Amino acid sequence: MEDIFRAIEEIAIKIDNAIKTADLGYNDSENSSGESQLKLDVQSDIIIQEALSKISSVKSIVSEEKEDILTLNDGGEYIVCYDPLDGSSLVDVNLSVGSIFGIYKDTLDGNGLVASSYVVYGPRIELVVCKKGEKPLLYRYKANRFEKIGEITLKNRGKLNAPGGTQQNWSPIHKGFIDTLFQEGYRLRYSGGMVPDLHQILLKGGGLFSYPATSDKPNGKLRQLFEVLPFSLIYEMANGAAINDKGMRLLELSPTFIHDTSPCFFGSNDEIKSLKKAYGAR
Ligand code: P6P
Numbered sequence: 008m009e010d011i012f013r014a015i016e017e018i019a020i021k022i023d024n025a026i027k028t029a030d031l032g033y034n035d036s037e038n039s040s041g042e043s044q045l046k047l048d049v050q051s052d053i054i055i056q057e058a059l060s061k062i063s064s065v066k067s068i069v070s071e072e073k074e075d076i077l078t079l080n081d082g083g084e085y086i087v088c089y090d091p092l093d094g095s096s097l098v099d100v101n102l103s104v105g106s107i108f109g110i111y112k113d114t115l116d117g118n119g120l121v122a123s124s125y126v127v128y129g130p131r132i133e134l135v136v137c138k139k140g141e142k143p144l145l146y147r148y149k150a151n152r153f154e155k156i157g158e159i160t161l162k163n164r165g166k167l168n169a170p171g172g173t174q175q176n177w178s179p180i181h182k183g184f185i186d187t188l189f190q191e192g193y194r195l196r197y198s199g200g201m202v203p204d205l206h207q208i209l210l211k212g213g214g215l216f217s218y219p220a221t222s223d224k225p226n227g228k229l230r231q232l233f234e235v236l237p238f239s240l241i242y243e244m245a246n247g248a249a250i251n252d253k254g255m256r257l258l259e260l261s262p263t264f265i266h267d268t269s270p271c272f273f274g275s276n277d278e279i280k281s282l283k284k285a286y287g288a289r
């Protein structure tokens with residue numbers, strides 16, 4: 008699996024360069040979730056596919072930008088699911104964006120997820136790698152290499168609140184819960200980019216990121232295989248929690264199709280406990 012992590016380092020540099028130099032226009036195409044594709048989305052997807060196709064342990068890839076699973080090496084043992092450039096529409100307003108990777112073995116579900124990684128393209132390039140059963144590790148790009156900074160651990164309670172989705176489409180329960188957090192003094196930290204928003208909570212010690220079921224997206228917006236499950240592993244390995252609106256661990260999910268979504272809540276243990284109580288979940 009180390010060869011995949013090394014490839015992600017190479018991918019991070021290439022995509023960071025593309026972000027700084029590429030044409031920010033739209034392709035005349037949509038991805039499988041019906042979202043318009045930026046040229047940068049397609050370019051980032053190609054960079055990742057080219058890098059992973061050289062690794063014999065990678066059997067197949069699933070990409071937000073591809074309709075179906077793509078086999079690369081029949082003899083491989085891992086399936087890499089990725090969002091090549093999450094939040095890419097934020098590039099043209101110069102906000103941070105990211106790439107997200109889930110490394111699966113045997114089954115494409117929470118049980119099959121053996122490792123996750125994500126890259127943040129911000130003022131600095133930062134990379135987090137997490138193997139199942141181990142603490143997430145933070146790396147920072149400096150002097151032409153990724154330098155290990157250290158382990159990531161969430162406190163039991165944090166200060167940040169990142170509420171996703173359109174507020175007018177939230178359920179009354181969700182609206183009441185989010186309002187309560189603000190009444191308790193939580194600070195609003197939401198950019199619309201899942202990667203920097205979740206990265207900030209991890210590095211600032213805790214809080215809550217929520218993308219609930221909404222009236223316009225009753226099964227949530229974020230995709231299980233290459234957004235929700237990779238971050239669920241990272242949050243659980245950082246001593247936090249990751250659940251859906253039924254109070255179920257997101258890592259117990261099995262997507263019904265490769266672009267399936269789920270309502271999702273990631274955070275410190277106290278915030279997740281409060282959310283379960285507000286939702287009347289187990
Ligand atoms: P909303 C970006 O498009 C994305 O997929 C995630 O990066 C982000 O968390 C979410 O959508 C933002 O969605 O509906 O709050 O704008």
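Everything in the sequence shown is counted per our numbering, starting at 8 for the first residue and increasing by one. Idealized CB from N, CA, C, for every residue including glycine. Note that the structure is predicted; figures quoted are calculated from it, not measured.
Within the segment 71-110, the runs of beta strand (DSSP E) at least 3 residues long that lie entirely inside it are, in chain order, 85-93. For D52, the distance from the CB to the nearest heavy atom of ligand 1 is not below 7 Å.
Remark: C-beta atoms of V87 and V65 approach each other more closely than 8 Å.
Per DSSP, R13 is one residue of the alpha helix (DSSP H) stretching across 9-28. Put simply, of E57, V98, S96 the residue whose alpha carbon is nearest the alpha carbon of T78 is E57.
Restricting attention to K211, I250, R152, the CA atom closest to the CA of S217 is found in I250. Excluding its 5 nearest sequence neighbours in each direction, T268 has C-beta neighbours in its own chain below 7 Å: N226, G227, K228, L229, R230, Q231, listed in chain order. By alpha-carbon distance to K139, the top candidate from A14, F238, S60 is F238.
Look at K61: its beta carbon is at least 7 Å from all of the heavy atoms in ligand 1.
Between S106 and Y125 a beta carbon distance of about 6 Å is seen, short of the 8 Å cut, so the two are scored as contacting. Residue side-chain check: L215 keeps its Cβ at 7 Å or more from all non-hydrogen atoms of ligand 1.
About 5 Å separates the beta carbons of N168 and L188, which is inside the 8 Å limit, making them a contact pair. Exposure of T173 is indicated by the presence of fewer than 16 other C-beta atoms within 10 angstroms of its C-beta. Rounded to the nearest whole angstrom, the CA to CA distance from G119 to M244 is 16 Å. Residue state for N276 is assigned as helix, using DSSP reduced to three classes.
In the same chain as A248, and ignoring 5 residues on each side of it, the C-beta atoms closer than 6 Å to its own belong to N276, I279, in chain order. With a contact defined as Cβ atoms closer than 8 Å, Y85 and I55 miss out at about 14 Å.
Following the DSSP letters along the chain, one finds L258 in no beta strand (DSSP E), marked with neither H nor E.
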